[in-house]
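First to last, the protein sequences are chains G and C.
If you count by numbering that gives the first Met the number 0, then the first sequence holds residues 0 to 224, one letter each, in order.
If you count by numbering that gives the first Met the number 0, then the second sequence holds residues 0 to 224, one letter each, in order.
Heads up, the beta-carbon is just placed ideally off N, CA and C, and yes, glycines get one too.
Predicted model, so just to flag it, every value in this text is computed and none were measured.
There are 2 protein chains.
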Amino acid sequence: MVAAQAGVGRPRLAPRQREGASAREEILDAAAELFSVQGYTATSTRAIAESVGIRQASLYYHFSSKEQILAELLVGTVLPSLDVAAVLADSPQTAPARIWALAAFDVRLLCSGRWNLGALYLLPELRPANLAPFYTERQRLRAGYGALIDEGVTHGSFVVDDAATATDLVFGLVESVVLVRQDRGTLDPGRFAPAIADGCLRLLSCTGRRLAAAHRQGAALLADL
Amino acid sequence: MVAAQAGVGRPRLAPRQREGASAREEILDAAAELFSVQGYTATSTRAIAESVGIRQASLYYHFSSKEQILAELLVGTVLPSLDVAAVLADSPQTAPARIWALAAFDVRLLCSGRWNLGALYLLPELRPANLAPFYTERQRLRAGYGALIDEGVTHGSFVVDDAATATDLVFGLVESVVLVRQDRGTLDPGRFAPAIADGCLRLLSCTGRRLAAAHRQGAALLADL
C-alpha cells in the first residue's frame, strides 16, 4: 500500500532509521520525539520527514497536517485504555476490582513508550478542530471511570460526597503520572501502576481488606486482558 | 524606579491596558496570556511588549529574555505554597491537619489567576538553565509534602507502603488540578481545594473520624494563614 513500506516507488532519501513497522509508524515515532524534545510549534513537517529520511511530500501521503500527526499520537494515549474499559464494563467482577484493573492498565500505558506523549495534552496552542476526536475519546475514558464509580457507589463499595468530583480526582490521579514522568524522564510502571490503582480505591473510601481483595482481583483481571 | 511605573521617562506607545500595579506586572500578565493562548515558542518578546503597549526595549529593561519571564511566572505558581509550607513546618498542629492545609492552599493557588500557568510545567521545550530556580523551588515544595508525610508516618497518623511513592501520589493529586483546569477552563477552588485535601489524607490511609478532625483543624489553620 505505501511506497516506503512495500519497498516500491520512490527510493528513500536515507536508510530506515526509525522504530515502527511501516513508514506511517516511523513518521509517528519521529514526530513523537521532535514534539517531546523541541516542542510542537517549533517542529515542522519538513523536520519530521527529514528525521525519518523521507521527502516532505511522502509524509503528506500519510498525514494531511502536523495537527493530524499529533491527533493520532494523542489518541494512542487513550484508545487502548478505552478498549480495556469496554471489556471491563461487561465483566462480572466488582466495581473496585475493575477500577483497579483500569487504572493500573492506564498508568502502564502512560508510563510506556519512549516519549511522554501525555505531556502534550497540556500544549497551550492546542485547541484545533483536528484534535476533537482525541478530546472526545478522552471524555469517553473519563466517563468509563465515572460509570464504574457510580456502580460502586450504588453497591455500597464506594462512599463519596459527590461522584463527579470523585471522578475528577480518580482520573486526575491516574493522569498525574504524566507530570511525575516529566520530572523523572522514566517511571517504573511496576511500582506506579499498583500504587496508583490502590490510591484510586482509597480516594473512593475503599480501604483495608476490601482494598486488598480488589487489588488481588484487579491484578488477575489485568493479567487476563 | 521604573519609568512606566513612576510616570516619567519615555511615554508609553498606548494607554495602560493590562492588569498589574507596575510595568513589570503588566508584562507578566501579557506574557501569561500569550503563552497560555498561543504557546510559548510562538510568542515573541515583541508580541508581549505590543500587548502591554510598550516598546520591546522597555521590556528588556525589566526582563533579560522570554525565558526569564516564563521562569518568573512559573516560580509564582510555587513560591506562595512554599511560604505556607515553611509556616506549617513550625506549627504545633498534627501532620494530617498541616498536609490538609498545605494541599488546600496549593490547590487554591493553582486554581487562581486568569491563566492556567501550571500547564506550562509540561512544555516540552523547557529545560533551559534559566528555569533551574523554578525546578529547585518545586522540588523544595515536594520535599515539604514529603517531610509532613514522614512525620505523620512516624506518629502513626499515616500508613504507607513506601513514603517516596506516597509523596509522588499526594503531590501528583494536588497538581492534577492543572490537568482538570485545562479541560474546563476554570475550576471552583471552593469545591476542589477541600476535596483534594481530603483525597491526600485518604491516599495516606487517614480516614473516618481522623480525616474529619484533620479537615476541621486544617481549614482553621488555612483561615489563619
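- Residue contact with chain C for G/P193: absent (no Cβ-Cβ distance below 7 Å to any residue of chain C).
- At a cut-off of 7 Å between beta-carbon atoms, C/E66 makes no contact with chain G.
- Contact annotation: in the region 21-55 of chain C, residues whose CB is within less than 7 Å of a CB in chain G are F34, S35, V36, Q37, G38, T40 and A41.
- With a cut-off of 8 Å on Cβ pairs, the region 129-148 of chain C is in contact with the region 73-83 of chain C, counting three or more such pairs.
- For C/A94, there are no C-beta contacts with chain G under 7 Å, since the nearest C-beta of that chain is about 17 Å from it.
- The C-beta separation of C/R209 from C/P123 comes to about 41 Å, leaving the pair out of contact by the 8 Å criterion.
- At a cut-off of 7 Å, the C-beta of G/G145 has no neighbouring C-beta in chain C.
- Under the Cβ distance rule, C/T164 counts among the residues neighbouring chain G, one pair being separated by less than 7 Å.
- Residue burial annotation: G/T135 is exposed, with fewer than 16 other C-beta atoms found within 10 angstroms of its C-beta.
- Under a criterion of Cβ atoms nearer than 8 Å, no residue of chain G is adjacent to C/E136; the nearest Cβ is some 13 Å distant.
- For C/L130, the closest C-alpha among the options C/E66, C/R215, C/S21 and C/A22 is that of C/E66.
- Note on geometry: alpha-carbon atoms of G/Y59 and G/Y120 lie some 24 Å from one another.
- Only those residues of the region 98-132 of chain C whose C-beta falls short of 8 Å from the nearest C-beta of chain G are listed: A118, L119, Y120, L121, L122, P123 and E124.
- At least one beta carbon of chain C lies nearer than 7 Å to the beta carbon of G/R201.
- For G/N115, the closest of G/P91, G/S156 and G/S175 by C-alpha to C-alpha distance is G/S175.
- Here G/R45 is actually not in contact with G/A29; their C-beta atoms are around 12 Å apart, not less than 8 Å.
- Setting aside the 5 residues that flank it on each side, G/V169 is surrounded in the same chain by Y144, C199 and L202, each with a C-beta closer than 6 Å to its C-beta; the list follows chain order.
- Considering only G/V36, G/A218, G/T164 and G/H154, the residue with the shortest C-alpha distance to C/D187 is G/T164.
- At a cut-off of 4 residues, the continuous stretches assigned as alpha helix (DSSP H) that sit fully inside the region 74-105 of chain G are 78-88.
- In the three-state reduction of the DSSP assignment, G/A20 falls in the coil class.
- Counting every other CB atom within 10 Å of its CB across the protein chains shown gives C/P193 a total of 16 or more, marking it as buried.
- For C/V77, none of the residues of chain G pass the 9 Å Cβ criterion, the least Cβ distance being about 13 Å.
- Scanning chain C for C-beta atoms nearer than 7 Å to the C-beta of G/S175 yields G171, L172, E174 and S175, reported in chain order.
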